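Protein chains in written order, with the numbering used here: chain A, 771 to 1315; chain B, 771 to 1315.
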């Protein structure tokens, strides 16, 4: 028996586009003499469809695609993820299902039992969990159909669910397991995935075909990396990362095992490629082409400019240099040098005239006050406004350049440097931004070295550096990581050796600035805990602030 | 037996404050000779605590409060909602529990079984559902403890859950039912609540004490309206709306029934008072006092100004009139008249100087282009920026004045009129804004009549009116309501009689403008489907656009 796995880049709600891709992959699988072609979880709708699932019209559109795929399932079986309706009146109205299509019709539907409802996942919002489990009989083989999370409740110290679907299915002695996934990227997730698959092999000993999505849906990035794993626990194949791929396997070869095609995984390579995928698909799927961003001469905007140029092409990226009286010469020079290195269009607009206008307009109201954060914010907002004006006039989408460290502590101006349609590095800590810059420069100096080596500064008042207002980034980032990713409280953080006063101060900054973070663009997610839909915090909360 | 229900305004994560309130209420209940005092769902933490629940430190703080309450439960029993730990390793780590405290200790914990995970609710994100159900034995009575949603799976055409906790508990023949709720306001919810309670009475025939929260937590508003209902289905008492209240009842009187204290519910009164509560608690719980907003002379900002003045007091509200060359005289006059009626500080800042500055700065880049939405947005953004500058300088929080209709179709400028810390009427359709304005004027002309009667206009270019770009609001709002609140698709909408071209156009506008709505302030929720945390839509989706 020959099995094809199709690792594709779907588009949420683009039923026609998704169908077309799957029909093409089915044709290719047939050419390769395959018996079964397997697509990802909710491949018909794209993942995550979110509250579109509450629209009956959306479900009907999905059902029509499944019907069309069923008609194409002649001479080959198609396994595809799509919502299905719960025939029982009690409980949620939908299941998250794996459809088995063959002989031109829907042969069987098996439903997802473990519904991830944490971080970015909201599946119990929409779906009823499966309560029955049946293998599919096909060409003399018994196939266990599972959907993503269904295989993730093994090998954990603290299992999230009370059951394991494969415990139920193993009674029926399946020959192999198909897993239809939509398992989003974070830089350590690919390793976790292999760990979980090996834990399943250890427990159940059946060959497994794990099929993932690839491509980004707003903030969520799918890295692909689909896996075929043999009963001997060896990775028979691992598909490429961040690209579509269709490959076929003889079941007997997989059963035999012995191959090991596990790939090297380098954190910076993964983050770099993930962010490029995130930009590319945000633009591509929204039918957009052109980006714009402000280049300050600092490292954050430099890194975003490089990513944008690599994702969209130099001809589609435009940058603005917007110096003020507080900008240093080297900032303008470094920014210009970078624009030239990247071969992108750059323009210089000095913000002084608008700044003076605001000063004049506010003078009667600001009498007897002194220069403070207000005037700093005015500068940042003039820049945000100029970028938006260019965006409105020419259709270039503004890329936001805030990093995770400053976003965490609220070191940024709402409607100023926090503006933009997409936050590119909002899930990358400042220390990681430095790593990324060095990674980008590994073959040639793309980012001027001075940009990497000079002390970070917002340049909003004379001789300002970040270190005036913030702890050193290596300390800050370590603390933020423990608080944000690891949910450690003040007591644990002090026990880890962080200074108590610093802990109190930083945690308060993080919690108090939630009001800013709710108003920013979607953040491309590369860590296990990004700001945005995966981290849901009260604003009026009084905890640790 | 005497039972006290305490309808209190909690504050998320403010453990000390919540404890203090509950101790005071307990003392009052003891004075009234009560045997039991009942607080709301998750009263210890405030509701919803959201991802604070993932912090062990947060749970420990909650446990300490429960211990302190237990110590105070001498001579009276205390029933209070708080998270508790799941002792079983499989499944979620927490339960959403009702604690029964008496004789200075924790006597019993009963857990919530039905975990709302829809709209604004994310409970399955945090909690394991109850699987066992036990009445509490106390002073010769058997008490069924339920938490909010636990009683909501009856009387519905399409039940969301497969079980009803009271079906399990009725076998143990309880004498009465306590329900600890945190049931957020929407303008039809109070009626739904009474409907559900009556459905429970019909099914189980036991007296019920339904205890709700009151007060707002960012966008979510609790209206109170706690209910005591007798076995004859009559509303024995209905507590006031939007205020704290502690009241005691003789169980025998409730069992006897015959009283009917059900209150009148008027939509505009409810919305008006809900929004005032929303503003008041946003400011109060964040330790803020003063607000600022832009007054355009139009109806949206007028209504928000009135609400702000009623919530915070005239002395804490400041308004800016920011006319441009396109502003009509009547706009400025109407705005000034309103400010005078409200007795709030107003200042006039003409935006021309900043507008000219931007024109000059952008001239070299905008050569050969014509006036379009870019220049309109620049005006809106200058206004947003002036408000933010005043906010930064003087600490007044900017109130956003966008209504639900314009937010739905994207008729607003990001970082301009869409700026602000709190969206006051973002869940109120334009036609409802008119109703609200007339409601506010019912005793005296607060809002100048001209503001209510003139055709709505953004005044961003000569002779502009909303009707140039949008369908008439009565048609638009009807369509938006069916799409947003009722999740009707294009087919159903056309069948309802809406013009097909209009349907396609409006649905596309709604879906395309999701990118704007993700960047706005929290929206005070007054309907069953508000923009924000309760409506989760993909941005790169290709559905209906």
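Positions of the beta carbon are idealized from the N, C-alpha and C atoms, including for glycine.
No experiment lies behind these values; they were computed from the predicted model shown.
Exercise for the section: Would you mind working out which of A:1277, A:1276, A:1256, A:1249 sits nearest residue 1267 of chain A, comparing C-alpha positions? Expected result: For the residues A:1277, A:1276, A:1256, A:1249, the minimum Cα distance to residue 1267 of chain A belongs to A:1249.
Practice task
With 8 Å as the limit, tell me which residues of the segment 1179 to 1201 of chain B have their beta carbon closer than that to any beta carbon of chain A; keep them in chain order.
Solution key: 1184, 1185, 1189, 1191
Handout entry: Coil, strand or helix - residue 1254 of chain B by DSSP
Key = helix
Practice task
Would you identify the three-state DSSP class for residue 962 of chain B, choosing helix, strand or coil?
Solution key: helix
Exercise for the section: Taking 8 Å as the cut-off, decide whether the C-beta atoms of residue 1048 of chain A and residue 1313 of chain B are in contact. Expected result: Contact: no.
Problem - Backbone secondary structure at residue 1292 of chain B - three-state DSSP - result: Correct three-state label for residue 1292 of chain B: coil.
Handout entry: Segment contact, 8 Å Cβ cut-off, at least three pairs: the segment 883 to 901 of chain A with the segment 845 to 863 of chain A
Key = The segment 883 to 901 of chain A makes contact with the segment 845 to 863 of chain A; the number of CB pairs closer than 8 Å reaches 3 or more.
Practice task
Measuring only between beta-carbons, confirm whether residue 847 of chain B sits less than 8 Å from chain A.
Solution key: For residue 847 of chain B, the answer is no, since every Cβ of chain A falls outside 8 Å of its Cβ.
Exercise for the section: Apply the 10 Å Cβ neighbour rule to residue 1256 of chain A and answer buried if 16 or more other Cβ atoms are within range, or exposed otherwise. Expected result: Residue 1256 of chain A is exposed by the Cβ-count criterion.
Handout entry: Beta-bridge partners of residue 783 of chain B, as assigned by DSSP
Key = In the DSSP secondary-structure assignment, residue 783 of chain B is not bridged to any residue.
Practice task
For the alpha helix (DSSP H) containing residue 878 of chain A, list its first residue and its last residue.
Solution key: Residue 878 of chain A -> not in any alpha helix (DSSP H); beta strand (DSSP E) instead, spanning 875 to 881.
Handout entry: Boundaries of the alpha helix (DSSP H) in which residue 993 of chain A is found, first to last residue
Key = Premise fails: residue 993 of chain A lies in the beta strand (DSSP E), 990 to 993, not in any alpha helix (DSSP H).
Exercise for the section: Pick out whichever of A:794, A:1125, A:1063 has its Cα sitting closest to the Cα of residue 1108 of chain A. Expected result: A:1063
Handout entry: Cα-Cα separation, residue 1269 of chain B to residue 1253 of chain B
Key = Residue 1269 of chain B and residue 1253 of chain B have their alpha carbons spaced roughly 14 Å apart.
Exercise for the section: Could you have a look at residue 805 of chain B and say whether DSSP puts it in helix, strand or coil? Expected result: Under the three-state reduction of DSSP output, residue 805 of chain B falls in the coil class, being neither helix nor strand.
Exercise for the section: Helix, strand or coil for residue 1330 of chain B, going by three-state DSSP, please let me know. Expected result: No statement about residue 1330 of chain B is possible, as the shown extent of chain B runs from 771 to 1315 and does not include it.
Problem - Same chain only: Cβ atoms within 7 Å of residue 796 of chain A, ignoring 5 sequence neighbours per side - result: 807, 842, 846, 848
Handout entry: Listed by chain order, chain A residues near residue 935 of chain B by CB distance under 8 Å
Key = Per Cβ cutoff of 8 Å: no residues; residue 935 of chain B is ~14 Å from chain A at best.
Handout entry: Cβ of residue 783 of chain B within 8 Å of any chain D Cβ
Key = Considering every chain present, this structure includes no chain D. Its protein chains are A and B.
Practice task
Give me the Cα-Cα distance between residue 1271 of chain B and residue 894 of chain B, rounded to the nearest whole angstrom.
Solution key: 40 Å
Problem - Reduced DSSP secondary structure (H/G/I, E/B, other) of residue 1265 of chain A - result: helix
Handout entry: Beta-carbon neighbours of residue 1119 of chain B, restricted to chain A and to distances below 8 Å
Key = Residues of chain A passing the Cβ test: 1131, 1132, 1135.
Problem - Whole-angstrom C-beta distance between residue 906 of chain B and residue 1045 of chain B, which should lie under 8 Å - result: Not a contact, Cβ separation roughly 39 Å.
Practice task
Select from the segment 786 to 797 of chain A all residues with a C-beta closer than 8 Å to any C-beta belonging to chain B, and list them in chain order.
Solution key: Residues of the segment 786 to 797 of chain A with a C-beta less than 8 Å from any C-beta of chain B: 787, listed in chain order.
Practice task
Could you tell me whether any Cβ in chain A is nearer than 8 Å to the Cβ of residue 1158 of chain B?
Solution key: yes
Problem - Alpha-carbon to alpha-carbon, residue 1289 of chain A and residue 719 of chain A - result: Residue 719 of chain A lies beyond the stretch modelled for chain A, which goes from 771 to 1315, so this question has no answer here.
Handout entry: Contacting residues, own chain, Cβ-Cβ under 6 Å from residue 828 of chain A (five flanking each side not counted)
Key = Around residue 828 of chain A, the same chain offers 822 as residues with beta carbons nearer than 6 Å, after the five sequence neighbours per side are excluded.
Problem - Which residues DSSP lists as bridging residue 777 of chain B, in chain order - result: B:1015
Exercise for the section: Apply the 10 Å Cβ neighbour rule to residue 786 of chain B and answer buried if 16 or more other Cβ atoms are within range, or exposed otherwise. Expected result: exposed
Exercise for the section: Using a cut-off of 9 Å between C-beta atoms, extract the partners of residue 861 of chain A located in chain B. Expected result: 929, 930, 931, 932
Handout entry: Local Cβ density within 10 Å of residue 781 of chain A, reported as buried at 16 or more and exposed below that
Key = buried
Practice task
State yes or no: is the C-beta of residue 814 of chain A within less than 8 Å of the C-beta of residue 844 of chain A?
Solution key: no
Exercise for the section: Let me know if residue 1073 of chain B comes out buried or exposed under the rule of 16 or more other beta-carbons within 10 Å of its beta-carbon. Expected result: buried
Exercise for the section: Mind the definition here: the segment 1118 to 1136 of chain B touches the segment 1161 to 1181 of chain B only if three or more C-beta pairs lie below 8 Å; say whether that holds. Expected result: Three or more Cβ pairs closer than 8 Å define a contact, and the segment 1118 to 1136 of chain B falls short of that threshold against the segment 1161 to 1181 of chain B.
Practice task
For residue 828 of chain B, go through chain A and note every residue whose CB falls closer than 8 Å to its CB, in chain order.
Solution key: 1259, 1313, listed in chain order.
Problem - Where residue 1278 of chain A meets chain B, residues with beta-carbon distance less than 7 Å - result: Those within 7 Å of residue 1278 of chain A in chain B number zero; the least Cβ separation is about 12 Å.
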